[in-house]
Every structure is written in C-alpha cells, then in structure tokens.
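Colleague:
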Amino acid sequence: MMMGTQILEHLQAILPLDEGPLVLPIEHKKTGLVLVDIVNGFCTLGAGNLAPQVPNQQISGMVEEGVRLAREFSARKWPMLAFLDTHYPDKPEPPYPPHCIVGTGEENLIPALEWLEKDPHATIKRKDCINGFIGCIQKDGSNAFINWVQANDIHVEETHHMGLYFARARGAQIVNKVLFD
32 MMMGTQILEH LQAILPLDEG PLVLPIEHKK TGLVLVDIVN GFCTLGAGNL APQVPNQQIS
92 GMVEEGVRLA REFSARKWPM LAFLDTHYPD KPEPPYPPHC IVGTGEENLI PALEWLEKDP
152 HATIKRKDCI NGFIGCIQKD GSNAFINWVQ ANDIHVEETH HMGLYFARAR GAQIVNKVLF
212 D
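Residues in the sequence shown are numbered consecutively from 32, following the working numbering.
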C-alpha cells in the first residue's frame, strides 16, 4: 500500500501538471485569493478530531504559504475569500467524525490568519459542506462565491497546490509557488 508521499509521486507521474511558479505583477488587479479551511479544526495541533495530532510538515507548509499569500494580497489591497468549515452539532457530515463545530473554536481561522476578519479586502464565508462552491448557494438561489468573483472583477484563476485537476480542466493554471514582482 502506498503512503502519502508515494501517492503524490504516483499521481504526478500519471497525471503530469507541468506545474511551475506564477509571477504576479504588482499592478495585477484581476486575481483573487481563495483560502480554503485554514481553520483550527484542520490545521492547529490537537485542536479536534481532524486536526493533526503530531506536527505535520505538509500542513505547516500549507499554512505558512497561505499566511504569506494573504499578507501579500492584503498589502496590495487585492480581494481574498476565506472559506471556514463550520458545522452544527445536530448536522453531521458523513463519513467524517464531528469537526469544526460552532462554538468549539475549531471552526475559526488559525491564529496567524485571525487578522483577516478585520481586513477590508477579505470576505469570510462559513460553509457546512466539503464543497465551498455548493456551500455558497444562498436561499434565493444566488451563489456567494460567484457574487464575490463578479464584485471583484476577477478574471484570473490560479490554483496553488496539487490535487485540483478539475480546475485545470477549466483552464486554471496549477502552480507550485506564487511570486510577486
């Protein structure tokens, strides 16, 4: 049976993505940053059923990169959207154990990103399902993610980290590093 790194290497071999760095010019205004589930319940050591129980370099690296990108986007006054996995105790999300339950603190941004809650260029969207796009469907049928993209006139979709093959099929660029001029 293959383990984490072996699985990733196998996927890279059979589904090559030609990933590389992306350099965003300082005046680039058509790009938005979407941060997905960088919450205590998934990223903070020992913070819940789905949080790492021992230090995990992959999670630490993802968190560091997310914080770095958020700071860069904020400094440039570029739009950011943070999806926060948030559940109610009486609404399970099978097959997962209870996680990110309202009021436990697991559902909140990690400490290094709490500042986003007050950043005028950040939108926080709590979701109660694995799919952020579906979690953005409003009672009136509109979609908060689509509204955010349109309101910010975003035309460039960039995807950071592996595993987002569907985005690639829609024309997104898969990158392993985002740099700024």
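Where is the CB? At the ideal position from N, CA and C, for every residue including glycine.
#1: Are the beta-carbon atoms of L66 and F114 separated by less than 8 Å?
#2: For I132, is the beta carbon positioned less than 7 Å from some heavy atom of the ligand ADP?
#3: Under 8 Å by Cβ, that's how I've got C160 and G72 pegged, so tell me the actual separation to the nearest angstrom.
#4: Taking the alpha carbon of L112 as the point to measure from, which residue in G172, T62, V133 and E124 has its own alpha carbon closest?
#5: If contact is defined by three or more beta carbon pairs under 8 Å, each pair taking one atom from either stretch, is the segment 131 to 142 in contact with the segment 69 to 83?
#6: Take D150 and list the residues in its own chain whose beta-carbon comes closer than 6 Å to its own, dropping the five residues that flank it on each side.
#7: Any idea if T154 is buried or exposed, counting beta-carbon neighbours within 10 angstroms, 16 or more meaning buried?
#8: Applying the 10 Å Cβ sphere with the 16-neighbour rule, what's the burial state of H118?
#9: Out of N162, A182, N174 and S173, which one is the CA nearest neighbour of H152?
#10: Apply the 10 Å Cβ neighbour rule to K208 and answer buried if 16 or more other Cβ atoms are within range, or exposed otherwise.
#11: Applying the 10 Å Cβ sphere with the 16-neighbour rule, what's the burial state of L64?
#12: A113 bridges to which residues according to DSSP?
#13: Starting from K208, follow its DSSP beta bridges and name the residues at the other end.
Modeller: Working from what's here:
#1: yes
#2: No copy of the ligand ADP occurs in the structure displayed, which carries no ligand at all.
#3: Not a contact, Cβ separation roughly 15 Å.
#4: T62
#5: yes
#6: S105
#7: buried
#8: buried
#9: A182
#10: exposed
#11: buried
#12: L66 and I155
#13: P52
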